[in-house]
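Report on the structure given below.
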Amino acid sequence: MAPSAMNQWTRSLSDVQPVPYWLDDPGRPRPEPALTTSETCDLLVVGGGYSGLWTALVAKERDPQRDVVLVEGREVGWAASGRNGGFCAASLTHGLPNGLTRWPDEIHTLQRMGEGNLDEIEAALARHSIDCDFERTGEIDVATEPYQARELREWHEETQRRGLADGVEFLDADAVREQVNSPTFQAGLWDRRGVAMLDPAKLAWGLKRACVELGVRVHENTPALTLKPYGPGMAVRTPYGSIRARQVALGTNIFPNLVRRVRSYTVPVYDYALMTEPLTPEQLASVGWKNRQGLGDSANQFHYFRLSADNRILWGGYDAIYPYGGRVRAEYDDRPETYAKLAGHFFTCFPQLEGVRFSHAWGGAIDTCSRFSAFFGTAHQGKVAYAAGYTGLGVGATRFGAEVMLDLLSGERTERTELEMVRKKPLPFPPEPFAWTGIALTKWSLARADAQGGRRNLWLRTMDRLGLGFDS
C-alpha cells in the first residue's frame with residue numbers, strides 16, 4: 001500500500017467520532033427508571049435488545065392481560081441492536097445458502113416463515129406508529145471477482161430450479177453498475193423484497209415505547225444477576241431489587257446467559273463500521289443508487305454497505321475479531337487499525353467519492369454460533385426459554401425468535417416449535433485455547449480462499465463437512 005494512498009484514506013478519518021452513528025441522536029429517549037423494589041409478574045423478559053423487546057411486545061399482543069416486565073442491564077438498544085447496519089432480512093437462516101445446506105427438507109417452510117416474519121415487522125411498525133426509516137428496497141449481493149460473478153450466476157440458476165428464486169434477479173456487470181456505480185462490481189443478485197433498510201436505534205426505541213404503551217413495565221440500568229427457581233416460578237435478583245415471575249424469556253444474546261449450559265454455544269465476534277458525512281447531490285449522482293438497496297459483496301471477508309435516510313453511506317464488515325477467551329469488553333468497541341483498513345476499501349469501491357469524510361466509526365460484539373443462525377431452548381422444567389446465536393442477522397430474525405420463545409413457554413406444539421432448526425442445537429465451541437486456535441485458522445483460511453479465486457483449503461472443506469464455520 002503506497003504511503004500517499006494511506007495518507008489519503010486516513011485523512012478521511014480526521015474528524016471521526018468513535019461512537020455509533022445511530023445512537024448519536026438528540027432524539028434518544030430517556031431511560032426508564034431502574035428497578036428498586038421487589039416485583040412479581042407473569043412473564044419476565046431479560047434483555048432490552050430486539051430479542052427482548054419483540055418478546056415483550058408480542059406477548060402483550062397475544063394476551064393483553066399478561067403482566068410483563070422487561071429488565072435491561074444498561075439502556076434499551078445500546079448494544080448490538082443499536083450498532084448494526086440496519087439490514088432487516090427475511091431470512092431466518094443467515095441467508096438461503098446456509099439454510100439450504102443445513103435444513104434442505106424445511107427450506108421452503110423456512111423461506112415462507114421468514115417472508116411472513118418480515119411482513120409482520122412492517123405491519124407492527126405501522127400498527128404502533130414506529131418511525132425507523134423503514135425502506136423495503138431489497139439487497140444486492142455483488143461480485144467483485146470473476147469467480148464470484150460465475151458463482152452468483154450458478155447459484156441463481158440453482159435456486160430457480162429449486163423454486164427459491166422468487167423476486168431475485170441476476171444482474172450482469174452493466175446492470176449492477178446501473179444500480180450502483182462501482183468499477184469493482186462485476187455482477188449482482190438483487191433480492192427485491194427480502195430485505196428492508198431501517199435505522200436500528202430508532203427501531204429499538206420505538207419498540208420500547210410500544211411496549212410501555214401496552215403496559216409492559218420496563219426497567220433500564222437493571223442487570224439480572226441470578227436466576228433461580230422460586231416456588232412454582234422463577235426469581236431473578238437485580239442490584240437494587242428482585243422479580244418473581246411465572247415464566248422467564250432470556251434475550252441476552254452475546255452476554256453471559258443466566259442458564260450456564262447455554263454459554264458454550266456462542267462466542268463474541270467484533271464487527272466494525274464507518275459512516276460518511278452526508279453526500280452532496282453531485283456525489284450521490286456519481287454513485288447512482290436511486291433504488292437505495294442494501295449491498296454486500298461476495299467474498300468470505302465481506303463488506304456490507306447502505307444509504308442512510310440523510311444519504312450517508314454506512315460501510316462495515318471485513319474484519320471479524322474474536323478476543324481470546326470470548327470476553328466482551330468496552331475497549332474492543334474501538335479499533336483504529338480496522339477503521340483505516342475499511343476506509344481504504346471504501347475508496348477502492350467508490351473512487352469517485354475521493355474527498356468524502358467519515359463522521360462516525362464504531363464496533364460491537366455479535367453473538368456467533370457454529371451454524372450461523374439462531375438456536376432455541378428451555379430450562380427449569382419449561383419455565384425459562386432462550387434464543388441466541390443470530391450471528392449478525394438478528395434485526396429481523398429476532399422477532400421470529402420471540403415467537404418461538406413464547407411458543408415454547410406455552411408448552412404447545414406449533415409449526416415453529418416442530419422445525420428441526422428449533423428442536424436441534426448447533427455444536428458448542430470448545431474451551432480455550434482450542435476455540436481461539438480454530439477460529440484463527442478458519443479466518444486465515446477464509447482470507448487465503450479470497451486471495452486464491454475462492455478455492456477452499458482442507459481445513460475449510462473439513463469444516464464444511466462438519467457443518468461448522470466462523471462468519472467474517
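Numbering of the sequence shown is given in UniProt numbering, commencing with residue 1 and proceeding in unit increments.
Even glycine gets a Cβ: it sits at the ideal position worked out from N, Cα and C.
The alpha-carbon of Leu458 is positioned some 24 Å away from that of Thr144. Minimum Cα-Cα distance from Thr159 among the listed residues Trp205, Ile107, Ser129 corresponds to Ile107.
Of the candidates Pro31, Trp54, Gln8, Glu277, the residue whose Cα lies closest to the Cα of Glu403 is Trp54. Nearest in C-alpha terms to Ala165, of all of Leu125, Arg112, Leu44, Thr137, is Arg112. Contact check for Trp22 against Asp199 passes: the beta carbons are separated by less than 8 Å.
Per DSSP, reduced to three states, the secondary structure at Ile121 is helical. Following the DSSP letters along the chain, one finds His303 inside the beta strand (DSSP E) bounded by residues 303-307. In the DSSP annotation of this structure, the continuous segment of the beta strand (DSSP E) that includes Ile243 starts and ends at 242-250.
For Lys228, the uninterrupted beta strand (DSSP E) run begins and ends at 226-230, by DSSP.
Taken in chain order, the complete alpha helix (DSSP H) segments of 4 residues or longer contained in the stretch 365-434 are 394-410, 420-423.
For Gln17, the three-state secondary structure derived from DSSP is strand. Taking the Cα of Leu393 as reference, the smallest distance to any Cα among Val384, Ala374, His380, Ala387 is reached at Ala374.
Nearest in C-alpha terms to Gly206, of all of Val384, His156, Cys132, Leu70, is Cys132.
In terms of Cβ geometry, Ala361 and Pro18 form a close pair [threshold 8 Å]. Inclusion of Val422 and Phe376 in the CB contact set at 8 Å is warranted, their separation being smaller than that value. A Cβ-Cβ contact shorter than 8 Å links Asn253 with Ser51. Exclusion of the five residues before and after Glu154 leaves no residue of its chain whose Cβ lies closer than 8 Å to its Cβ. When the beta-carbon positions are compared, Thr266 and Asp172 stay at least 8 Å from each other. Along the stretch 3-86, the beta strand (DSSP E) occurs as fully enclosed runs of 3 or more residues at 38-46, 68-71, listed in sequence order. Contact annotation, Ala149 with Gln186: C-beta distance approximately 4 Å; criterion of less than 8 Å satisfied.
Going by beta carbons, Ser91 and Gly114 fall inside the 8 Å limit. Secondary structure at Val212: helix, using DSSP grouped into helix, strand and coil. With fewer than three CB-CB distances shorter than 8 Å, the stretch 53-69 does not count as touching the stretch 342-360.
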